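Visitor:
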Amino acid sequence: MQLVLEVCSASGEPSARKTFDGVGGVIGRGTACDWVIPDTARLISSHHGLVSFRGGHYFLTDISSNGIGVSGSLERLRKGHARQISDADVYQLGALEIRARLIEHQRPPLGRSEVIPDDAFLGLDPIQALDREQRRGESSQELEALNTLTESTAQAFSPGTVDQDHLVVPQWAEPVSDVVPAQPVVAASAVPETFWAQFGEALGMEVGALDTSSREALAIKVAGLFRQAIEGLQQSLRTRDELSSEVHLGWTSPALTRQNPLVDCPDAQAALTALLGGGELGHLPPERAVAHACRDLQIHQLALVVGCRAVVRSALAAFAPDHLLLCFEREGKPSRLLTDGAHWRAYQRYYRRLTDEASLGDQLLRNDFCKAYEEQVRLVSSLHAAYPG
Numbered sequence: 003m004q005l006v007l008e009v010c011s012a013s014g015e016p017s018a019r020k021t022f023d024g025v026g027g028v029i030g031r032g033t034a035c036d037w038v039i040p041d042t043a044r045l046i047s048s049h050h051g052l053v054s055f056r057g058g059h060y061f062l063t064d065i066s067s068n069g070i071g072v073s074g075s076l077e078r079l080r081k082g083h084a085r086q087i088s089d090a091d092v093y094q095l096g097a098l099e100i101r102a103r104l105i106e107h108q109r110p111p112l113g114r115s116e117v118i119p120d121d122a123f124l125g126l127d128p129i130q131a132l133d134r135e136q137r138r139g140e141s142s143q144e145l146e147a148l149n150t151l152t153e154s155t156a157q158a159f160s161p162g163t164v165d166q167d168h169l170v171v172p173q174w175a176e177p178v179s180d181v182v183p184a185q186p187v188v189a190a191s192a193v194p195e196t197f198w199a200q201f202g203e204a205l206g207m208e209v210g211a212l213d214t215s216s217r218e219a220l221a222i223k224v225a226g227l228f229r230q231a232i233e234g235l236q237q238s239l240r241t242r243d244e245l246s247s248e249v250h251l252g253w254t255s256p257a258l259t260r261q262n263p264l265v266d267c268p269d270a271q272a273a274l275t276a277l278l279g280g281g282e283l284g285h286l287p288p289e290r291a292v293a294h295a296c297r298d299l300q301i302h303q304l305a306l307v308v309g310c311r312a313v314v315r316s317a318l319a320a321f322a323p324d325h326l327l328l329c330f331e332r333e334g335k336p337s338r339l340l341t342d343g344a345h346w347r348a349y350q351r352y353y354r355r356l357t358d359e360a361s362l363g364d365q366l367l368r369n370d371f372c373k374a375y376e377e378q379v380r381l382v383s384s385l386h387a388a389y390p391g
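Residue numbers (my numbering): 3 to 391.
1) Could you compute how far the alpha carbon of L227 sits from the alpha carbon of A221?
2) How about P263 and L278: do their beta carbons lie closer than 7 angstroms?
3) Quick one: residues in its chain with C-beta nearer than 6 angstroms to the C-beta of C10, no 5 flanking neighbours on either side, listed in chain order?
4) Applying the criterion that 16 or more other CB atoms from any shown protein chain within 10 Å of the CB defines a buried residue, is R240 buried or exposed?
5) Quick one: what's got a C-beta closer than 6 angstroms to Q86's C-beta in the same chain, skipping five residues either side?
6) In three-state terms, what does DSSP make of R44?
7) With H, G and I counted as helix, E and B as strand and the rest as coil, what does DSSP make of L5?
8) Suppose contacts are defined by Cβ-Cβ distances below 7 angstroms. Is R217 in contact with V224 by that definition?
9) With DSSP as the reference, label K373 as helix, strand or coil.
10) Below 8 angstroms on the Cβ atoms is my guess for P268 versus V28; work out the distance and round it to an integer in Å.
11) Per DSSP, which residues does I29 bridge with? Please list them.
12) Which residue's Cα is closest to the Cα of A18: E8, Q108, C35, R347?
13) Could you name the residues of the same chain whose beta carbon sits closer than 6 angstroms to that of S238, not counting the 5 residues immediately before and after it, in chain order?
14) Would you kindly check if the distance between the Cβ of D370 and the Cβ of V313 is under 7 angstroms?
15) Could you tell me the distance, in whole angstroms, from the CA atom of S47 to the CA atom of R31?
16) What is the DSSP secondary structure of H302, reduced to helix, strand or coil?
17) G393 by DSSP, collapsed to three states: which one?
18) Excluding five sequence neighbours on each side, which residues of the same chain lie with their C-beta closer than 8 angstroms to the C-beta of A291?
19) Given this structure, state the Cα-to-Cα distance separating S246 from D266, to the nearest angstrom.
20) Starting from the C-beta of A305, find all residues in its chain whose C-beta is less than 6 angstroms away, skip the five residues before and the five after it, and write them out in chain order.
21) How about V330 and A348: are their beta carbons less than 7 angstroms apart?
22) Once you ignore the five residues that flank Q236 on each side, which residues in its own chain have a CB closer than 7 angstroms to its CB?
23) To the nearest angstrom, how far is the alpha carbon of A257 from that of S67?
24) When you compare only the Cα positions, how much space is there between L79 and H49?
25) Under the three-state reduction of DSSP, which class applies to A257: helix, strand or coil?
26) Measure the alpha-carbon distance for A43 versus D213 and round it to whole angstroms.
27) Starting from E99, follow its DSSP beta bridges and name the residues at the other end.
28) Tell me whether the beta-carbon of G71 lies closer than 7 angstroms to the beta-carbon of Q94.
29) Tell me whether D213 sits in a helix, a strand or coil according to DSSP, three-state version.
30) For the beta strand (DSSP E) containing A84, name the first residue and the last one.
31) Going by CA-CA distance only, name the one from E289, C372, V382, C310 that's closest to I301.
32) Which one of C372, G26, L327, C35 has the shortest CA to CA distance from G57?
33) Report the rounded CA-to-CA distance for A158 versus Q108, giving the unit in angstroms.
34) State the start and end residues of the unbroken beta strand (DSSP E) segment that holds F321.
35) What would DSSP say about H285, mapped onto helix, strand or coil?
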C-alpha cells in the first residue's frame, strides 16, 4: 500500500506531492528531510513530521515546534505520539494543508494460461455418459473381444478421415518478447576472510575461531548494539540541553559548534543514515561527531559536579557562625547586649529575610553554580583545544 501526501492548492496549479511505498520518512523545511517543503514564512519546522510504516499501516508523528493540526476539527496531534493516517485525512502544517491518500497495490491481470478455454465443457455430454455406462454394463468378454477385433480391422483398412489427416488445428501465436533470457544463477560467493579480519580488528576481538554462522550472528548483534548506543547518546544530549535550559545556562559546547547529526537529526534512524551514509555538506565526519558528543557529555558531567560543590560551599558559608554574627551586628544591636534568645530571634529574622526575598536560592543557583559551571567548562574546553584527539 502506498501513501501519497499532496499539498492542497487553491490556485489550481500543480501541487507538490510525496509518495511513500512501504517506508517512512521525515517531512519538514530542512534539506535533510525526505520531503522538503519550502516555506518562506518559516512556519514549518526544519523537521516537522515523521511518517512511519508498520503493521501494514502508516502513522504520522509530530516532532515540530509549531504542531500539526487536523483540518475540519479542533484536534491537534500530540507531540511525540504516532497517529494512524486514514485515507482523505487533511493535516495542517503551518499555513499549508496536506491531504493523505492511501492507494492499494493493483493485482496483475490474469495471464493467458489462466483463461478457461472455449471447448472446456464440450466433452461433458450427460447423455453420452449414460450410454457408455449402459453399454459397459450389458457387454460381455466375448462381445468386447469381437468389438476390439472389428475396430482394429476397420482402422487397418481405413484410409483415415480428412479431419485427422489434413485439418490443422489453429494454435495461439507466441508473442514476440524482447526479454533477455535468464542467466544461470551463480552461487553467492562467501564473504572473504579479509573482511572478517578487518571486522574483528575494528571490533577489538578475535573472530577467526568462529564459524560463518557465529560471525554473522555477531555482526547482527553489533549492529543492534550500535543503534541502541546512538539512541542513548541522542537522549543524553537532549537531557543535557534540558538541564542547561532549566538553570538558564547560556553556554554552548565548543565541540558541537559545527553541525552534528547526533544533535540535528530528530531520531536515531535519521542519525544513523547521516552517520553511515554519504553525509551532508558541513556535517562532522562520523568518528568526530561521536567523539565530540561523548566529550561534550563528559565536560557537562564534570562541570555539574563542580557547580554542585560550589553551591554547597556557598550554602554552608551563608549560615556560618561568624557570618551570622556579622549580619547581626549590621542590624545595629551591640553583640554584648544579645542573649541566646536574642540570637535565636535574630537568626529567625535573618532566615525569613532570605526566604522571603528568594535571594539565597537565586544567588546559589544563578551566580555560584553557573559561575563554577562555566569556569570548569572553559577550563576543560581549553585543554581539549590545546590537545585535540
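Where a beta carbon is used, it is the ideal one built from N, C-alpha and C, also for glycine.
Keep in mind that this is a model prediction, so the values were computed, not measured.
Guide: The answer reads as follows:
1) Near 10 angstroms, if we compare the C-alpha coordinates of A221 and L227.
2) Not in contact: P263 and L278 (Cβ atoms no closer than 7 angstroms).
3) Taken in chain order, the residues that qualify are E99, R101.
4) R240 comes out exposed.
5) H59, F61, listed in sequence order.
6) Here R44 sits in coil by DSSP.
7) In the three-state reduction of the DSSP assignment, L5 falls in the strand class, which pools E and B.
8) It is not a contact, given that the beta carbons lie outside the stated cut-off.
9) Under the three-state reduction of DSSP output, K373 falls in the helix class.
10) That pair is a contact at about 6 angstroms.
11) Paired residues: W37, G51.
12) The residue with the shortest Cα to Cα distance from A18 is E8.
13) Cβ neighbours of S238 within its own chain (closer than 6 angstroms, five residues either side excluded): L299.
14) Closer than 7 angstroms, so yes.
15) Whole-angstrom Cα-Cα distance: 6 angstroms.
16) Note: H302 maps to helix in three-state DSSP.
17) Not covered by the structure: residue 393. The range shown for the chain is 3 to 391.
18) So the list reads N262, P263, L264, L277, H285, once near-sequence residues are dropped.
19) Those two C-alpha atoms are separated by around 17 angstroms.
20) Y375, Q378, V379.
21) Here residue 330 is Phe; the residue named in the question, Val, does not match the sequence. Against a cut-off of 7 angstroms, the Cβ pair of A348 and F330 comes out as a contact.
22) Correct list, in chain order: L264, A270, A273.
23) With a pLDDT of 48 at A257, under the threshold of 50, the modelled position of this residue cannot be trusted, and the question is left open.
24) CA-to-CA, the gap between L79 and H49 works out to about 15 angstroms.
25) Any reading at A257 must be qualified, since the residue scores a pLDDT of 48, below 50, and its modelled position is unreliable; the value itself is stated next. When secondary structure is reduced to three states using DSSP, A257 falls in the helix class.
26) Rounded to whole angstroms, A43 to D213 spans 59 angstroms at the Cα level.
27) Note: E99 sits in a beta bridge opposite Q94.
28) Cβ atoms of G71 and Q94: closer than 7 angstroms.
29) In the structure shown, the three-state DSSP call for D213 is coil.
30) Looking at the DSSP string, the run of the beta strand (DSSP E) that includes A84 is 84-86.
31) Sorting E289, C372, V382, C310 by C-alpha distance to the C-alpha of I301 places V382 at the top.
32) When each option's Cα is compared against that of G57, the closest is G26.
33) Low confidence applies to A158: its pLDDT is 48, below 50, so where it sits in the model is not reliable, and the reading given next is rough at best. If you take the alpha carbons of A158 and Q108, they lie about 58 angstroms apart.
34) No beta strand (DSSP E) holds F321; DSSP gives it neither H nor E.
35) Correct three-state label for H285: strand.
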